[in-house]
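Those letters in the sequence shown? Residues 1 to 280, by full-length UniProt numbering.
Right, one structure below, let's go through it.
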Amino acid sequence: MKYGLNMLLWTSDVNESHFGLLEQIKGWGYDGVELPVFEADEKKFAQVGKKLSELGLESTAVTVCTPDENPISGDAKIREAGLERLKRMIDMCAAAGSTHLCGPIHSALGEFSGAGRTADEWNYGKETLAKAADYAQEHKVMLVCEYLNRFECYFLNTAEDCSQFTREVNHPYLKMMYDSFHANIEEKSITSAVKTCADQMVHVHISENDRSTPGEGGVNWDETFSALKEVNYDGWLTIEAFGLALPDLAAATRIWRKMFPSEEHLATKGLEFMKSRWEG
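Laid out in C-alpha cells, this is it:
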C-alpha cells in the first residue's frame, strides 16, 4: 500500500516555490503526491519530477476536461480537442514521472445536458478514451477514470457505471478509481460498489464527506476499509481534500467555510488515520 496526498490542498500549480512543502510532505511520512496537471509546461513538470525523485517521493496526477475539450461531445472537433488535451496532460505526466493520470477524464467537468447520458455519448467516450489510452501506453502512464456525483457530472456517477465503461473499452492502460466522497453521495452500498469495480480499480481517493480531514467526518470508514481489504486492493490511498487556500478552487468545489484547523493538521492527521485503519 502507498499513501499519497493531493497537492490541490495547497495549489493547482506545483512549482519550484513548493519544494519546501514537498520536503515537509516527505517528512510527514507520505510515499508520494498527486500533482494537479491542468496546463502544459513540460519544463516545470520536469523540474518538479526531478525534485520528487531527489526526495524519494513518487507521484500520480489529476486533471479534468473542459466544455471546449470534451471527449463525449457531439461535435467531432470538440472530441478531437479533448483527445489532444489528454495527450498533452499525458506528456506532462511523463515529464514529471507520474505513473497515473486520474480524474473525470471521460467528460467535461460541470457540463450538463439537462438529461442523462446517451448511447452516442457513451460510444464517443469509449472511442476517445481508447485513443488516449493508446497514447498513454506509449508513455507508460495509466489513465484512471473517476466517477463523480450527480451534481458535478451526468456521464459516470457510480462504480457500476465507471467499471462497465472501462471494461467495454478493454484497454490495459485505461482503468478506474474509487473516491469515498462521491461514493458517499451516490452508492447505496459501499461494499457492493467496491466489489463491483474491484477488477478495474487501480487508485483510491480517501476523501471525507465534507472534504475535510479523513476520519473527522461522516464517511463510513469501517465499511470502506473493510471492503477494500476484502477485494485485496493494493495501490494508492491518496487523500483528496479542499480548503479555502485557493479561491477559484474553493468556489468550484463549493467550499464556503473553514473545514479543518490547518492544512498541516489535515495532512498529518489524515495520514495517521489511513495507516491506523489499514495497518491496525
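Just so you know, even glycine gets a beta-carbon here, dropped at the ideal spot from N, CA and C.
Taking the Cα of Glu23 as reference, the smallest distance to any Cα among Glu16, Asp179 and Leu55 is reached at Leu55. In the three-state reduction of the DSSP assignment, His139 falls in the coil class. For the pair of segments examined, the region 86 to 94 was found to touch the region 35 to 51: the number of CB pairs separated by less than 8 Å reaches three. In this structure Ala115 is exposed. Its beta-carbon is surrounded by fewer than 16 other beta-carbon atoms within 10 angstroms. For Ser276, the secondary structure class from DSSP, reduced to helix, strand or coil, is helix.
Here Met201 carries a strand assignment [DSSP, helix/strand/coil].
Buried is the label assigned to Lys175, since at least 16 other Cβ atoms lie within 10 Å of its Cβ. Here the alpha carbons of Asn184 and Ala133 stand approximately 29 Å from one another. Counting only runs of 4 or more residues that sit fully inside the region 138 to 170, the alpha helix (DSSP H) segments are 159 to 169, in chain order.
The C-alpha of Phe112 lies about 42 Å from the C-alpha of Gly27. For the alpha helix (DSSP H) assignment, the uninterrupted runs of no fewer than 4 residues enclosed by the region 60 to 112 are, from N- to C-terminal side, 76 to 96. By DSSP's assignment, Thr238 forms a beta bridge with Gly4 and His205. Relative to the Cα of Thr99, the nearest Cα in the group Asn70, Ala76, Tyr147 and Gly32 belongs to Gly32. Rounded to whole angstroms, Lys269 and Leu148 show a C-alpha spacing of 25 Å. Pairwise C-beta distances place the region 223 to 243 in contact with the region 204 to 211, as three or more of them are shorter than 8 Å. Between Lys50 and Phe19, the gap from beta carbon to beta carbon reaches 7 Å or more.
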